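As structure tokens, the structure follows; a few thoughts come after it.
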Amino acid sequence: MSKNPGGRKNPNPLAKVQRADRNRKILIQVAVAVVLIGLVAGIGIGLAMKKSDKDNPGPTPSIAATAGQNPSGITGAITDNGSIRIGKPDAKTTVRVVADLQCPACQAFEAANKQVLEDSVNNGTAAVEYNIISFLDRASSGTEYSSRAANASYCVAQADPSKYQAWLAAMFAQQPLEGGSGLTNEQLIEIAKSVGYSDDVASCINDRTYDKFVKAKTQEAFDSGIQSTPSVFVNGKQINPSGLAQAIAAASGQ
Numbered sequence: 701m702s703k704n705p706g707g708r709k710n711p712n713p714l715a716k717v718q719r720a721d722r723n724r725k726i727l728i729q730v731a732v733a734v735v736l737i738g739l740v741a742g743i744g745i746g747l748a749m750k751k752s753d754k755d756n757p758g759p760t761p762s763i764a765a766t767a768g769q770n771p772s773g774i775t776g777a778i779t780d781n782g783s784i785r786i787g788k789p790d791a792k793t794t795v796r797v798v799a800d801l802q803c804p805a806c807q808a809f810e811a812a813n814k815q816v817l818e819d820s821v822n823n824g825t826a827a828v829e830y831n832i833i834s835f836l837d838r839a840s841s842g843t844e845y846s847s848r849a850a851n852a853s854y855c856v857a858q859a860d861p862s863k864y865q866a867w868l869a870a871m872f873a874q875q876p877l878e879g880g881s882g883l884t885n886e887q888l889i890e891i892a893k894s895v896g897y898s899d900d901v902a903s904c905i906n907d908r909t910y911d912k913f914v915k916a917k918t919q920e921a922f923d924s925g926i927q928s929t930p931s932v933f934v935n936g937k938q939i940n941p942s943g944l945a946q947a948i949a950a951a952s953g954q
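Counting from 701, one number per residue, gives the positions in the sequence shown under the numbering used here.
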């Protein structure tokens with residue numbers, strides 16, 4: 701009598717082992733593929749996030765339409781190129797000053813033209829656009845003074861643009877020597893307070909709120925053709941900084 705009812709053959713033990721081994725290999729390959737896909741996806745996401753962070757200019761400073769208004773009618777605004785515009789709304793002449801707060805030549809320009817610029821703003825002859833950039837961090841012994849000072853520029857401007865020119869004059873008056881450690885954040889805050897700003901600007905200065913914005917606008921300035929500081933423009937035309945008073949007078953028909 702047959703010991704295999706129905707005619708079915710006894711399973712081959714070796715084939716069973718081979719099938720189990722093959723299935724195990726397939727499972728391992730699938731698991732490895734899943735892990736690799738996960739790693740590739742993770743790397744891709746990480747790179748995308750890094751690129752996004754690099755391309756992100758961070759918060760954009762703004763000045764409320766009524767912020768800092770005083771009896772003289774001086775207001776402020778942030779222009780497309782990142783300049784801080786100070787002046788009366790109906791000023792017909794525009795002066796743009798591209799400067800770095802660590803730049804000695806910019807300090808000399810400020811000393812020579814401070815009164816001309818303040819008078820032009822106060823009497824409505826011109827609005828001044830201060831395009832403060834930061835490319836001299838290398839001149840402050842690793843403290844990035846140029847960038848921190850440019851960030852502070854936006855902090856005080858948005859707090860009260862009517863005090864901005866006084867703040868700028870105080871900053872240049874206390875400009876640190878190139879190659880030194882620069883001014884500390886505490887010193888930047890004290891300078892702001894010395895011209896009438898409140899403690900409210902401290903967090904913006906300490907947090908370097910507009911650091912990415914400063915870097916982005918600095919690069920834009922150089923990409924636009926700026927080659928040195930100070931670079932001065934009157935109604936869009938670049939002039940010799942030493943001839944500023946005459947250029948303003950000519951542009952305003954005086």
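For glycine and all other residues, C-beta sits at the position ideal for the given N, C-alpha and C. This one's a predicted model, so the numbers in the text were calculated from it and none came from an experiment.
Look up residue i in the DSSP assignment and say whether it is helix, strand or coil.
{"i": "Ile939", "result": "strand"}
{"i": "Ala764", "result": "coil"}
{"i": "Val797", "result": "strand"}
{"i": "Ala945", "result": "helix"}
{"i": "Gln954", "result": "coil"}
{"i": "Arg908", "result": "coil"}
{"i": "Tyr897", "result": "coil"}
{"i": "Glu920", "result": "helix"}
{"i": "Ile726", "result": "helix"}
{"i": "Lys915", "result": "helix"}
{"i": "Ala839", "result": "helix"}
Which first and last residues belong to the alpha helix (DSSP H) in which residue i is found?
{"i": "Phe933", "result": "First-last for Phe933: Ser931 to Val934, but that is the beta strand (DSSP E), not the alpha helix (DSSP H)."}
{"i": "Ile926", "result": "No alpha helix (DSSP H) contains Ile926, which DSSP labels as neither H nor E."}
{"i": "Glu886", "result": "Asn885 to Ser894"}
{"i": "Tyr864", "result": "Tyr864 to Ala873"}
{"i": "Asn813", "result": "Pro804 to Asn822"}
{"i": "Asn973", "result": "Look at the range of the chain in this structure, 701 to 954, and you will see that residue 973 is not part of it."}
For the beta strand (DSSP E) that contains residue i, what are its first and last residues?
{"i": "Ala777", "result": "Thr775 to Ile778"}
{"i": "Glu878", "result": "First-last for Glu878: undefined, no H or E at that position."}
{"i": "Arg785", "result": "Ile784 to Gly787"}
{"i": "Asn831", "result": "Ala826 to Ile832"}
Restricting to Cα atoms, I'd like to know which of the options is closest to residue i.
{"i": "Ser841", "options": "Asn831, Ala866 and Gln802", "result": "Gln802"}
{"i": "Gly773", "options": "Leu836, Glu844, Ala826 and Ala945", "result": "Ala826"}
{"i": "Ser783", "options": "Val914, Asp790, Pro789 and Ala870", "result": "Val914"}
{"i": "Gln807", "options": "Ala951, Ala869 and Asp900", "result": "Ala869"}
{"i": "Gly943", "options": "Phe809, Ile763 and Gly824", "result": "Phe809"}
{"i": "Pro930", "options": "Asp790, Thr760, Val795 and Gly758", "result": "Val795"}
{"i": "Asp780", "options": "Ser898, Arg724, Lys792 and Ser762", "result": "Ser762"}
{"i": "Gly758", "options": "Gly953, Ser898, Gly882 and Asn851", "result": "Asn851"}
{"i": "Ala777", "options": "Gly824, Ser862 and Cys904", "result": "Ser862"}
Assuming residue i contacts residue j (C-beta within less than 8 angstroms), just tell me the rounded distance between them.
{"i": "Glu844", "j": "Asp837", "result": "5 angstroms"}
{"i": "Ile833", "j": "Lys917", "result": "7 angstroms"}
Cβ contact (3+ pairs, closer than 8 angstroms) linking the stretch 927-941 and the stretch 877-887: no
Segment contact flag, the stretch 917-936 with the stretch 885-901, C-beta cutoff 8 angstroms, min 3 pairs: no
Touch check for the stretch 845-857 and the stretch 807-827: three-plus C-beta pairs under 8 angstroms? no
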